[in-house]
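One structure is given here, and the rest of the page talks about it.
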Amino acid sequence: MSEVDFTVEVCGMAGDGTIAAGGLINEAMSLGGFSVLGFDSYPAEIRGFGRCVTKSRIGSTDIVALGEQTHALISLNDEQSRSRAVFLDDHALVFFDSNPPSYVSEEKSLLSTLSNNVEVFGLPFGDLAVASGAARSKNLVALGGFAAVTGIDPSLFRQVILKKFKAKGDRIVDINIKSFDAGYDYALEKFHDRLKNWFAKSGTQYDSDKVMMSGNQAIGMAAIEAGLKLYFGYPITPATPIMEYLAKWLPEKGGRVVQMEDEISSIGAVLGSFYAGERAMTATSGPGFALMTELITHGVMAEIPAVIIDAQRAGPATGLPTKTEQSDLHAAVFGGPGDSARIVIAPTNVEECYYMVLKSFQLAEKYQTPVIVLTDFFLDNRVENLHTPRASDELRACWNVFPDESPGNRYLRYEDTSSGISPRAIPGMQGYNYTATGLEHTESGSPDYSSEIHTKMTEKRHRKIRNALEDLQQPTEFFSSDQLDVGVIGWGSTFGSVLEAVAKSKKNGFRVGALKITSIFPYHSDIIKAFMAKSGFVLIPELNYEGQLANLLERLNSKPVERLNLVTATPIPPSAIQKRIEELLEVGA
Amino acid sequence: MKTPAKILAAQVSRIEESGRFYPRSEALPTWCPGCGYFGIHQGIVDCISSLGLPLHEIVTVSGIGCAGRYPFFSKTYGLHTVHGRTLPAATGIKLAKPGLTVFAIGGDGDGLAIGGGHLPHIARRNIDVNYVLFDNSIYGLTKGQPSPTSPLGSKTKASPYGTVDQPLNATLMALTYGASFVARLFAGDPKGITDALIQGVQNPGFSVFHVYTSCVTFDKTFKTWTNLKKWVHPLPAGYDPTDIHVAFDQVLKDDFSMGIIYRRKN
Ligand SMILES: Cc1ncc(C[n+]2csc(CCOP(=O)(O)OP(=O)(O)O)c2C)c(N)n1
Ligand code: SF4
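Structure, rendered in structure tokens:
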């Protein structure tokens, strides 16, 4: 079986069906048994409105990062597609409309920007679409051409087209399949001497358990599986799809989505719901998270659970709303007044979005504290095909620590136990009435400002969070070895690029390893320290300016941690990390 | 001399003698002697007693301020949140456990300044929360700065030349935002508070109890007991609280008529 690692882009104007075409490629290739990672990237140099670009990386082995070079470009609008030419692989294939309905001057045409080695395939997208029943289906014609040349089994596309358009009726399904077939047949005939048949030869097995989903979808699904009762939120990119997903599916499970007036009320209501004993959640991005911080510390102080998704975007303030970055780590770990230790976790791929959100409810309940799940634009919006995630009973189980059945003499809500966890009564339980407060308080919950109480209770709250390590995922090592020339630590959506870069460096003969950290706070310092100790250089690549994880962990290493900080607001290319690893070794040698 | 402890002890024995059960906590209110809040407290306590609500099925939610301390003085479940966030927390509690009776308690600063953005929204969602707004027209806990309801020209340490901002009218706001039950009450009339609360708690939507009260420590000139007692009076005879037009009319022409201003017909 030959190895497939193929990146295809579709580019067009809004209305060309670009996103739909990209989605069909993802679905068809997933159905074909390939590993798929797709992301709709909007180039920074957008001028004018409505350019859409979808990118799909397709592999016969696991795909963990976005591709850097495009092997095929499907151009639904040549003027827009010109900007994609620089990303093309030397021998890329370009599919374009050979009879565009609108005139494009020579110097504006896509073809004029392409280098000599690129192979072009012109099909009359529009004409074939019209002949098949609707001009709008030219994106399907293009897919047909693409499938024929690269050797993708056409029945895969026919199946996903049927699935996608079924609801719109037989006529629409028919037009779309006809259009696809028209493009397919045209290409077979016209380009018979230039067919690549790459995919035909790969022979990958179809895996019926695989599903395609985005990070945000995985978060929404997990929350529902967790038995979410209430979602409170305020729209903000890139967290909004979580609210929209839940608005559609939560009512079916008896839950409710309330669009609140702002982020402050959203977290306030989440705390209210958890205080009353029901699972609730909110999701936001940096600016909204900043507004929530006071109430998050209220959750810390009053020991009330909460689950908060911070879908990071780039920059301070409104920043770059549709761009990706990992720059809220400090806000998540330290944001807000006082010594307010809370739990912060960060999934690195779509599957982890699911399992970690599920787990976050249990962590919040058991440790009676807000749990912040850090994702980012890239992780939220990319799609991956993964094994259908399933919530075990164990992962769904309630972890509330209730007091004994029989109310004792006097219930101490904030009892100073050795674990730091105090049994939490909820309204409706007779005999345990207490007042939760954000003021410093005694074990019984009465406000108290004495030095002794503040010292003792601060210590208790921190002990509790430290103890949460026992339930927090340990760092995972990849390409483990006793001694490493470079050990790379990665977190969040960047970890996929770390893994790929380390794999490639290793192939080049370097002694490198990777450590994945998903428990951001508290973190497993012993394991991290041991990994650092055996690494000649420790490198932490991050999509932020200062190296926020590096700042947090540097004290564990005997010498300064090496950093790779990009603020391009786009996913880190694996090659940038690989280059840095190999540079370090050259300098070090 | 009447110390707060003595006043409280007298109230305690009076309520105990009445044979009603007793929703006060052992923690004595920390309010200044003579503060209007004692009267409101008594009004709430009597309402809970009369309705015979089980204490473990009541949650008292508050923000920050002298008024915000209220949950500590009640034997119900309590949630003392941060400044201004009383109503969102109350929303979360009520939606999570609709069977609970929820009292939201807060001062005029807490509810109309920092938390002012939440009032319209809980009203339009008509969440079944009973919001008792302790309106002393001053910031008590931070020691006497002007509040959004301070009358024009109020002189405080933070407004030595007198305030220049128009005061807000919480009763009018509650009506405008569409609260389904609106009462205007006086801390010097605990019985009136109790009666209104009993009706309001039974209203299956958002109820606002706007209570005029006196801060004896920081307001020596405006909302003093002497002035308030002079100004307040009952709603006109034959007043129909189910007619929203009548309600607006009344509130626009008279700031001091007390009672149930509006009750939505169900
Ligand atoms: C975010 C925030 N800002 C400011 C404060 C300080 N603060 C505490 S109470 C208060 C005003 C209270 O006034 P009011 O709500 O009218 O209640 P009262 O004390 O008069 O009962 C202020 C500004 C705070 N606790 N939190
Ligand atoms: S400062 Fe004013 S409002 Fe606060 S307790 Fe004293 S009298 Fe009451």
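Heads up: the protein sequence lines correspond to chains A and B, in order. At position 329 of the first sequence the residue is numbered 329 (this note's numbering), and the sequence of numbers has no breaks. Just remember that this note's numbering sits 1000 ahead of the position in the second sequence, which is counted from 1. Glycine included, C-beta positions come from ideal geometry on N, C-alpha and C. Computed from a prediction, not measured in an experiment: that's the story for all the values here.
Measuring alpha carbon to alpha carbon, tell me which residue in A/K516, A/T7, A/R580 and A/V141 is nearest A/F531. For the purposes of this step, residue 531 of chain A is taken as residue 531 along the first sequence, with counting starting at 1. The shortest C-alpha separation from A/F531 is found at A/K516.
Please confirm whether A/T437 has its beta-carbon closer than 8 Å to some beta-carbon of chain B. In the first sequence, the residue the question calls residue 437 of chain A occupies position 437. Yes, contact with chain B.
Cβ contact (3+ pairs, closer than 8 Å) linking the stretch 174-189 of chain A and the stretch 137-152 of chain A: yes
Is the CB of A/Y434 under 8 Å away from at least one CB in chain B? Residue 434 of chain A sits at position 434 when you count from the first residue of the first sequence. So, interface residue.
Quick check: what's the CA-CA separation for A/R410 versus B/V1082? Locating residue 410 of chain A in the first sequence gives position 410, counting from the first residue. Locating residue 1082 of chain B in the second sequence gives position 82, counting from the first residue. For A/R410 and B/V1082, the distance between alpha carbons rounds to 27 Å.
Given the structure, does B/L1141 come close to ligand 2, in the sense that its CB is under 7 Å from one of the ligand's heavy atoms? Here residue 1141 of chain B refers to the residue found at position 141 of the second sequence. True, at least one ligand heavy atom lies under 7 Å from that Cβ.
Residue-chain proximity (B/I1105, chain A), Cβ-Cβ < 8 Å: Here residue 1105 of chain B refers to the residue found at position 105 of the second sequence. Judged by the 8 Å Cβ criterion, B/I1105 is not in contact with chain A.
Report yes if the CB atom of A/F274 is closer than 8 Å to the CB atom of A/I304, and no otherwise. Against the first sequence, residue 274 of chain A aligns to sequence position 274. Against the first sequence, residue 304 of chain A aligns to sequence position 304. It is a contact, given that the beta carbons lie within the stated cut-off.
Specify the secondary structure class of A/M457 as computed by DSSP and reduced to three states. Residue 457 of chain A sits at position 457 when you count from the first residue of the first sequence. Reduced to three states, the DSSP call for A/M457 is helix.
Rounded C-alpha distance that separates A/R256 from B/N1130: Working through the first sequence from its first residue, we reach residue 256 of chain A at position 256. Working through the second sequence from its first residue, we reach residue 1130 of chain B at position 130. The straight-line gap from Cα to Cα measures roughly 22 Å.
Please confirm whether A/G169 has its beta-carbon closer than 8 Å to some beta-carbon of chain B. To locate residue 169 of chain A, count along the first sequence from 1; it is residue 169. No, A/G169 lies away from the interface with chain B (no Cβ there is under 8 Å from its Cβ).
In angstroms with no decimal places, state the Cα-to-Cα distance between A/V94 and A/Y206. Taking the first sequence and counting its residues from 1, the one referred to as residue 94 of chain A is at position 94. Taking the first sequence and counting its residues from 1, the one referred to as residue 206 of chain A is at position 206. Straight-line Cα distance between these residues: approximately 27 Å.
Can you give the Cα-Cα distance for B/W1231 and A/H330, rounded to whole angstroms? Taking the second sequence and counting its residues from 1, one reaches residue 1231 of chain B at position 231. Taking the first sequence and counting its residues from 1, one reaches residue 330 of chain A at position 330. Distance between the alpha carbons of B/W1231 and A/H330: 54 Å.
Is the beta carbon of B/R1184 sitting closer than 8 Å to the one on B/T1194? Here residue 1184 of chain B is taken as the residue at index 184 of the second sequence, counted from 1. Here residue 1194 of chain B is taken as the residue at index 194 of the second sequence, counted from 1. Contact flag unset, no.
Would you identify the three-state DSSP class for A/D339, choosing helix, strand or coil? On the first sequence, residue 339 of chain A is found 339 positions in, with the first residue counted as 1. Coil, per DSSP.
Look at the alpha carbon of A/T7 and the alpha carbon of A/K163, and state the distance between them as a whole number of angstroms. For the purposes of this step, residue 7 of chain A is taken as residue 7 along the first sequence, with counting starting at 1. For the purposes of this step, residue 163 of chain A is taken as residue 163 along the first sequence, with counting starting at 1. If you take the alpha carbons of A/T7 and A/K163, they lie about 24 Å apart.
Quick check: the Cα distance between B/G1099 and A/T70, rounded to an integer number of angstroms? The residue you call residue 1099 of chain B lines up with position 99 of the second sequence. The residue you call residue 70 of chain A lines up with position 70 of the first sequence. Roughly 58 Å between the two C-alpha positions.
According to DSSP, A/F537 sits in a beta bridge with which residue or residues? Residue mapping note: residue 537 of chain A aligns to position 537 of the first sequence, counting from 1. DSSP lists A/V486 as partners of A/F537.
List, in order along the chain, the chain A residues whose C-beta lies closer than 9 Å to that of B/G1078? The residue given as residue 1078 of chain B occupies position 78 in the second sequence. Under the 9 Å cutoff, chain A gives N433, Y434, T435, A436, T437 and G445.
Nonlocal neighbours in the same chain, by C-beta distance under 7 Å from A/A44, ignoring five residues either side: Translated into positions along the first sequence, residue 44 of chain A becomes position 44. Its pLDDT being 47, under 50, A/A44 is placed unreliably by the model, and nothing is read from it.
Taking B/D1110 as the reference, which of B/V1102, B/I1127 and B/T1149 has the closest Cα? The residue you call residue 1110 of chain B lines up with position 110 of the second sequence. Among B/V1102, B/I1127 and B/T1149, the Cα nearest to that of B/D1110 is on B/T1149.
Please confirm whether any heavy atom of ligand 1 lies closer than 7 Å to the CB of A/E294. Your numbering for residue 294 of chain A matches position 294 in the first sequence. The answer is yes for A/E294.
When A/K229, A/S493, A/G299 and A/D193 are compared against A/T324, the one with the closest alpha-carbon: Locating residue 324 of chain A in the first sequence gives position 324, counting from the first residue. Measuring from the Cα of A/T324, the nearest candidate turns out to be A/S493.
In whole angstroms, what is the alpha-carbon distance linking A/G277 and A/F377? For the purposes of this step, residue 277 of chain A is identified with residue 277 of the first sequence, where counting begins at 1. For the purposes of this step, residue 377 of chain A is identified with residue 377 of the first sequence, where counting begins at 1. Approximately 31 Å, taken between the alpha carbons.
Backbone secondary structure at A/A283 - three-state DSSP: Here residue 283 of chain A corresponds to residue number 283 of the first sequence, with the count starting at 1. A/A283 falls in the strand class under three-state DSSP.
Check whether the Cβ atoms of A/I161 and A/V149 lie closer than 8 Å to each other. Within the first sequence, numbered from 1, the residue matching residue 161 of chain A stands at position 161. Within the first sequence, numbered from 1, the residue matching residue 149 of chain A stands at position 149. Not a contact, by the Cβ cut-off of 8 Å.
Could you check whether the stretch 55-66 of chain A touches the stretch 490-509 of chain A, counting it as contact only if at least three pairs of C-beta atoms, one from each stretch, sit closer than 8 Å? yes
Who are the neighbours of B/R1024 on chain A, taking C-beta pairs under 7 Å? What you label residue 1024 of chain B is simply residue 24 of the second sequence in a count that begins at 1. Residues of chain A passing the Cβ test: none, with the nearest at roughly 12 Å.
Report buried or exposed for A/P427, applying the criterion of at least 16 other Cβ atoms within 10 angstroms of its Cβ. Locating residue 427 of chain A in the first sequence gives position 427, where the first residue counts as 1. Buried, because 16 or more other Cβ atoms sit within 10 Å of the Cβ of A/P427.
Contained beta strand (DSSP E) runs [length at least 3] in the stretch 293-318 of chain A, N- to C-terminal order: 306-312
Among A/P238, A/N197 and A/S208, whose alpha-carbon lies nearest the alpha-carbon of A/Q217? Taking the first sequence and counting its residues from 1, the one referred to as residue 217 of chain A is at position 217. Of A/P238, A/N197 and A/S208, the residue nearest in Cα terms is A/P238.
A/M429 - DSSP class collapsed to helix/strand/coil: Within the first sequence, residue 429 of chain A is the residue found at index 429, counting from 1. It is coil, neither helix nor strand.
Is the CB of B/G1117 under 8 Å away from at least one CB in chain A? Position 117 of the second sequence holds residue 1117 of chain B. True, the Cβ-Cβ gap to chain A drops below 8 Å.
Under three-state DSSP, which class holds A/R84? Here residue 84 of chain A refers to the residue found at position 84 of the first sequence. Helix at A/R84.
Which of helix, strand or coil does DSSP assign to A/G122? Reading the first sequence from its first residue, position 122 is the one you call residue 122 of chain A. Strand at A/G122.
Contacting positions in the stretch 213-234 of chain A - beta carbon closer than 8 Å to chain B: K229, L230 and F232
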